[in-house]
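In our numbering, the protein residues as written are 24 to 87. Where is the CB? At the ideal position from N, CA and C, for every residue including glycine.
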């Protein structure tokens, strides 16, 4: 008799955090897509409003 194979449970995906949005915003800005960069910086600020580098990145994006 063979053992019945149990399905491997899939890991539950974790929702993106503020770091994800900040990194992606920097990538967008580096490619010159400031509209998308600003949207992601704004999302990161909404998630963590006291992070100075995110605030600086967002402010810098407005000047480009």
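A residue is called buried once 16 or more other Cβ atoms fall within 10 Å of its Cβ, and residue 85, having fewer, is exposed.
In the three-state reduction of the DSSP assignment, residue 35 falls in the coil class. When 33, 53, 67 are compared, the shortest CA-CA separation from residue 43 is found for 67.
Beyond the five residues adjoining it in sequence on each side, residue 49 comes within less than 7 Å, by CB distance, of 80 in the same chain, given in chain order. Assigned with DSSP and collapsed to three states, residue 64 falls in helix.
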